[in-house]
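Mapped onto my numbering, the consecutive letters of the sequence shown carry residue numbers 26 to 306.
Below is one structure, written out as structure tokens; comments come after it.
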Amino acid sequence: MVNVHEKQFLLDCGEGTQIALRHGKIRMMRIDHIAISHLHGDHYLGLFGLLSTFSLLGRTRALNLYGPPELEGLILSHEKVGESVRGYPLHFKATQTESAEILFEDGSVSLESFPVRHRIPTTGFLLREKPRELGVKRDWIARLELTLTEILSLKRGEDVQRPDGTVVLCDQACHVPPPPRSYAFAADTRYWEKVAEWVQGVNLLYHEATFDAAMKDRATKTFHSTATQAARIAAKAEVGQLVIGHVSARYENADALLEEAQLVFPNTVAASDGLILEVSR
Ligand SMILES: [Zn+2]
């Protein structure tokens, strides 16, 4: 679950997602966007329950769903055989695995998909804050009695020439807004260098690390990654922080995989149930 200025984006929805959302005290009805990376059960089987919970809770607001083309049919046939009535519109947008693509954007955030390499068609997702506009310092507005036209020019980044011949420099009169942040979710994928291009420079990268380096062959065969490979992608992409997850059940915990990844990319953490990370600049 990614919260961008109180807009909530759910990326993948495995079994147990509703329980995890409740434990995390996340307001489910605020979720307006759900993106599904691929149609392996551990990534989408929680969706059916969540969609009907929305109806039970009286949702009327539209829900935007993004995922592989077959997902829409799965949901519609599930609803049809159960003769269930959904109380809200579902806007479905099919993803594709040819190129990166913007799925949604508004004034403050964009959601993109990008292809990864897994056994079946799979995409990762990337959320980016939009750059915030410049803010003119209040004391400058008062002191110079700036007009609305002058304020708007400064907000556009322009210097202002005044009738008395003086110039108000945008650099001095405006607050510099904080740089926008970004988060990429690299889904299930084997090691693929192209992923580093898609996620270049993001502040926080989630990359799967199913196996340890000794199981590299098995990782390649099953279209998954090792912890070392996840860390290599993070290093190549020069991301701010890496979070690894999707650890195979053969490992008691993620400690060894985390150590392995940190040798290549020190600023790595391991995902765990209920973990909350702040995306830092
Ligand atoms: Zn998978």
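Idealized CB from N, CA, C, for every residue including glycine.
For residue i and residue j, which I take to be in contact (beta-carbon distance under 8 Å), what is that distance rounded to the nearest angstrom?
{"i": "LEU151", "j": "VAL227", "result": "7 Å"}
{"i": "ILE61", "j": "LEU96", "result": "6 Å"}
{"i": "ALA259", "j": "PHE290", "result": "4 Å"}
Quick check on this structure: which residue in the options has the alpha carbon closest to the alpha carbon of residue i?
{"i": "ASP189", "options": "TYR276, PHE73 and LEU171", "result": "LEU171"}
{"i": "LEU310", "options": "LYS261, LEU82 and ASP57", "result": "With the chain running from 26 to 306 in the structure shown, residue 310 is simply not present."}
{"i": "GLU303", "options": "ALA286, GLN266 and ASN278", "result": "GLN266"}
{"i": "THR293", "options": "TYR276, GLY299 and GLU263", "result": "GLU263"}
{"i": "SER178", "options": "THR191, GLY160 and PRO93", "result": "GLY160"}
{"i": "GLY74", "options": "GLU40, ALA45, PRO93 and ARG55", "result": "GLU40"}
{"i": "HIS143", "options": "ARG306, ASP37, LYS246 and GLU284", "result": "LYS246"}
{"i": "LEU36", "options": "GLY71, LYS50, HIS30 and HIS48", "result": "GLY71"}
{"i": "PRO146", "options": "ALA274, GLN33 and ALA212", "result": "ALA212"}
{"i": "THR191", "options": "LEU101, HIS63, GLU175 and CYS38", "result": "GLU175"}
{"i": "SER109", "options": "LEU76, ASN89 and GLY132", "result": "LEU76"}
{"i": "TYR7", "options": "PHE139, ASP67 and HIS271", "result": "What is shown of the chain runs 26 to 306, which leaves residue 7 out entirely."}
{"i": "LYS14", "options": "ALA279, HIS232, LEU282 and LEU173", "result": "Given that the chain is displayed from residue 26 to residue 306, the structure contains no residue 14 and the question cannot be resolved."}
{"i": "HIS65", "options": "LEU288, ASP298, ALA296 and PHE248", "result": "PHE248"}
{"i": "VAL141", "options": "GLU222, GLU277, ALA167 and GLY49", "result": "GLU222"}
What are the boundary residues of the alpha helix (DSSP H) that includes residue i?
{"i": "GLU233", "result": "From DSSP, GLU233 is part of no alpha helix (DSSP H) but of the beta strand (DSSP E) over 229 to 233."}
{"i": "GLN287", "result": "280 to 289"}
{"i": "THR214", "result": "Careful: THR214 lies outside any alpha helix (DSSP H) and carries neither H nor E."}
{"i": "HIS68", "result": "66 to 69"}
{"i": "SER102", "result": "95 to 106"}
{"i": "SER77", "result": "72 to 81"}
Go to residue i, then tell me how far its beta strand (DSSP E) extends in each direction, as first and last residue.
{"i": "THR174", "result": "Premise fails: THR174 lies in the alpha helix (DSSP H), 173 to 180, not in any beta strand (DSSP E)."}
{"i": "ARG47", "result": "Careful: ARG47 lies outside any beta strand (DSSP E), inside the alpha helix (DSSP H) at 42 to 48."}
{"i": "GLY270", "result": "266 to 270"}
{"i": "ARG153", "result": "148 to 154"}
{"i": "ASP237", "result": "Neither: ASP237 is in no beta strand (DSSP E) and is coded neither H nor E."}
Any residue with its C-beta under 5 Å from a non-hydrogen atom of ligand 1 counts. Can you list them all in chain order? HIS65 and ASP213
Tell me, please, whether the segment 148 to 162 touches the segment 74 to 88 by the rule of three or more beta-carbon pairs shorter than 8 Å. no
Count Cβ pairs between the segment 215 to 225 and the segment 243 to 259 that sit closer than 8 Å; are there 3 or more? yes
Are at least three pairs of beta-carbons, each pair with one atom in the segment 120 to 137 and one in the segment 193 to 202, less than 8 Å apart? no
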